[in-house]
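First the structure, in the form of structure tokens, and then the observations on it.
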Amino acid sequence: MAKTLFEKIWDRHVVKTIEGGPAVLYIDKHLIHEVTSPQAFAGLNKRGIKVFRPQQVVATADHNVPTLNQHLPIKEELSRLQVEALKKNCAEHGIELYGLGHPFQGIVHVIGPELGFTQPGMTIVCGDSHTSTHGAFGSIAFGIGTSEVEMVMATQCLLQSKPKLMRINIDGELKAGVVSKDIVLYILAQISASGATGYAVEFAGSAIRALSMEGRMTICNMSIEMGARCGMIAPDQTTFDYMEGRKFAPQGEEWNKKLAYWKTLVSDEAAVFDKEYHFKAADIEPMITYGTNPGMGIGVSGHVPALNEIDEKEKPSFEKSLEYMGLQPGAAIKGKKVDYVFIGSCTNSRIEDLRMVASFVKGKQKAGHVEVWVVPGSKQVEKQAIEEGIDKIFEAAGFQLRQPGCSACLGMNEDKIPAGKYCISTSNRNFEGRQGPNARTFLASPLTAALAAITGEVGDVREHYN
Amino acid sequence: MSKSINRITSTAVPVNIENVDTDQIIPARFLKATSRDGFGKNLFRDWRYENDDEAKPKAGFPLNDARFKGNILVAAKNFGCGSSREHAAWAIKDAGFDVVVSSFFADIFKNNALNNFLLPVTVSDAFLQEIFVAIENDPNSEFQVDLPSQTISIAATGASEQFDINPYKKTCLLNGYDDIDFLLSITEDIKKFEAQNA
Ligand code: SF4
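Top line first, the protein sequences correspond to chains R and D.
The numbering used here puts the first sequence at residues 306 to 771.
The numbering used here puts the second sequence at residues 65 to 262.
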């Protein structure tokens, strides 16, 4: 029978199925971090059991870490205690930890792929919704809650109901200045922030095939913003080239064996999806969000919807969100002043993102009134940026290159956007208070963010590519 | 924390806002604890207080309105989207709720709720409106949530609707079972699976 990519992986991981209930799904890799794991470890300790397969778990500290002076103890006491608890728990349970100071430390969804821990055909979970990122390699990867973290620690399994299947096809060529972040913001604007709830989404089509692994990760990363259980892209030569030689990628004979299997991981021609969308790459503009969920996006040259364009039922939440953002219905977004520029997060903090920004800002200066933070996704990204001289370009432009972590993506660590200020951000969520209480977020691509850093306002990068 | 759910009769607290994400339910800066307790006091923190100040409750927010009480939270469409933080379910449960009603829940939130004996009840858009209207007409309106028969009803009007729940999860909630107890009981099957797939 013809199968989708999702079904091929799912079927190989079902340990057993409960009558009329969920399946027991085997989990190959488990990533953990300091925020969503302590209560799970406490649960195991209370039951008097150890982590079942510690060698299939990797830990890092990312959410709560400062991005300046990482060699010093963490100032904020609760953050420090949480990071210390992770260290202690990992030591007690024999889990490899890439904590602060380790050359592999970084945002959990950046380090998994870069270390070759993330591989096609796997099931991967983490107590973090953006685990969907790893689906870019053709794996089933999804975020879980802390109770589920405990289940995976205890048994390497989860009880899961099979989601419905959706395929989103993007065909054709992107216009200059339009990048993968714009693709995903565009899809979100089309299908809404709940458009894929209950579905596993496969992204396909020639525009997706043409993307680098970094670009694919950006798209799968934000599939959770559509409500999707997971996002995935079939592995191909781009995937294999990216993986070969990475630290935990298979080597030699093992590599050849795995490669032969990975090449079978495509949706069969006749496979059936419960829902399918088709979009044209040429229709996509550089995108920006104006509201307080990631589905509230428009082309940068467009206007915030006018009240009469909004469904009667959605007016209250639309108006609430514009009030929060300090914007008027029908207003243009281009020319809007920004106070902060944040380039980072598991959506856009990989080396390719930093290169993209550097090539745009080289020889230019940031606008006087903006504060620009560039936060690499990992120690390895940071190291590579320095080796390539990207740090010098940022320094000359007046950008601050900080140390790896989640940073201003979530208003939990020291990096917060002050109340009322506007931040153009390459992260994934523009929720109220996400970057700090009353902070106002515009989500955009690294290029659009770089342009705003230079001009101090929202602009259209396409004008710089003609 | 009550570990099983059967029939609940209660008044309800309405939060009639769509797309409530878990960052609103519990903002990230409150996720630094290493235990599961005490999150209830920060439930909807930034919607509840002016400038993060407990001395300045925002008048319009339902959780600050003494008329609204009970252990049923009624929310609008797409509740619990965004971050996977289970702290959102802990905060709601810790604040004294056993049931959340909406016309649409985000996936991860729904699982987290079920794992914490917080029952997510999905109703039709129309029925959800009827509930909001009933509360608006009389904040003392009672609702019955009956898990065995999978029905929710409005006492004032007698209207009721069926809701879906996975039969396995229903058994867990009725009996206070954890998934983890079940998974631990099949460790031998898991080991066999590993051996076959090595
Ligand atoms: S960068 Fe942001 S979205 Fe990504 S894991 Fe960290 S907090 Fe979550």
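We put the beta carbon where it would ideally sit given N, CA and C, even for glycine.
Where residue i falls, given that 16 or more other Cβ within 10 Å makes a residue buried
i, result
"residue 734 of chain R", "buried"
"residue 691 of chain R", "exposed"
"residue 436 of chain R", "buried"
"residue 742 of chain R", "buried"
"residue 96 of chain D", "buried"
"residue 531 of chain R", "buried"
"residue 566 of chain R", "exposed"
"residue 85 of chain D", "buried"
"residue 306 of chain R", "exposed"
"residue 213 of chain D", "exposed"
"residue 243 of chain D", "buried"
"residue 724 of chain R", "exposed"
"residue 540 of chain R", "buried"
Span separating the alpha-carbon of residue i from that of residue j
i, j, result
"residue 418 of chain R", "residue 424 of chain R", "8 Å"
"residue 751 of chain R", "residue 647 of chain R", "9 Å"
"residue 401 of chain R", "residue 675 of chain R", "40 Å"
"residue 718 of chain R", "residue 760 of chain R", "28 Å"
"residue 75 of chain D", "residue 132 of chain D", "8 Å"
"residue 67 of chain D", "residue 354 of chain R", "22 Å"
"residue 493 of chain R", "residue 351 of chain R", "42 Å"
"residue 753 of chain R", "residue 627 of chain R", "21 Å"
"residue 91 of chain D", "residue 83 of chain D", "15 Å"
"residue 262 of chain R", "residue 732 of chain R", "Past the boundaries of the shown model lies residue 262 of chain R; chain R is included only from 306 to 771, so the question cannot be answered."
"residue 607 of chain R", "residue 363 of chain R", "43 Å"
"residue 763 of chain R", "residue 640 of chain R", "5 Å"
"residue 210 of chain D", "residue 129 of chain D", "27 Å"
"residue 684 of chain R", "residue 649 of chain R", "13 Å"
"residue 615 of chain R", "residue 549 of chain R", "49 Å"
"residue 200 of chain D", "residue 393 of chain R", "51 Å"
DSSP state of residue i mapped onto helix, strand, coil
i, result
"residue 474 of chain R", "strand"
"residue 514 of chain R", "helix"
"residue 602 of chain R", "strand"
"residue 65 of chain D", "With a pLDDT of 48 at residue 65 of chain D, under the threshold of 50, the predicted position of this residue should be treated as unreliable, and no value is reported."
"residue 100 of chain D", "coil"
"residue 226 of chain D", "strand"
"residue 456 of chain R", "helix"
"residue 359 of chain R", "helix"
"residue 727 of chain R", "strand"
"residue 71 of chain D", "strand"
"residue 751 of chain R", "helix"
"residue 683 of chain R", "strand"
"residue 257 of chain D", "helix"
"residue 702 of chain R", "helix"
"residue 76 of chain D", "strand"
"residue 640 of chain R", "coil"
"residue 657 of chain R", "helix"
Close Cβ partners of residue i (< 6 Å) along its chain, the five nearest in sequence each way excluded
i, result
"residue 339 of chain R", "366, 369, 387, 388 and 391"
"residue 314 of chain R", "426 and 445"
"residue 710 of chain R", "367, 370 and 372"
"residue 755 of chain R", "662, 665 and 666"
"residue 220 of chain D", "198 and 205"
"residue 240 of chain D", "67 and 68"
"residue 343 of chain R", "390"
Beta-carbon gap between residue i and residue j smaller than 7 Å
i, j, result
"residue 523 of chain R", "residue 486 of chain R", "yes"
"residue 472 of chain R", "residue 441 of chain R", "no"
"residue 651 of chain R", "residue 415 of chain R", "yes"
"residue 504 of chain R", "residue 533 of chain R", "yes"
"residue 611 of chain R", "residue 635 of chain R", "yes"
"residue 766 of chain R", "residue 443 of chain R", "no"
"residue 405 of chain R", "residue 375 of chain R", "yes"
"residue 140 of chain D", "residue 80 of chain D", "yes"
"residue 346 of chain D", "residue 227 of chain D", "Nothing can be reported for residue 346 of chain D, as the shown portion of chain D is limited to 65 through 262."
"residue 127 of chain D", "residue 143 of chain D", "no"
Same chain only: Cβ atoms within 7 Å of residue i, ignoring 5 sequence neighbours per side
i, result
"residue 222 of chain D", "none"
"residue 65 of chain D", "Its pLDDT being 48, under 50, residue 65 of chain D is placed unreliably by the model, and nothing is read from it."
"residue 722 of chain R", "645, 713, 728, 740, 741 and 744"
"residue 345 of chain R", "451, 454, 455 and 458"
"residue 154 of chain D", "100, 103 and 180"
Own chain partners of residue i with C-beta closer than 8 Å, once the 5 adjacent residues on each side are dropped
i, result
"residue 512 of chain R", "475, 476, 477, 478, 479, 488 and 586"
"residue 463 of chain R", "329, 330, 332, 430, 449, 453, 456 and 457"
"residue 686 of chain R", "411, 415, 419, 654, 655, 656, 659 and 709"
Contact test: residue i Cβ vs the ligand ATP heavy atom, cutoff 6 Å
i, result
"residue 715 of chain R", "Within the structure as shown, the ligand ATP is missing, the only ligands being the ligand SF4."
Under 7 Å by beta carbon: chain C residues contacting residue i
i, result
"residue 186 of chain D", "Within the model displayed, chain C is absent; protein chains R and D are what it includes."
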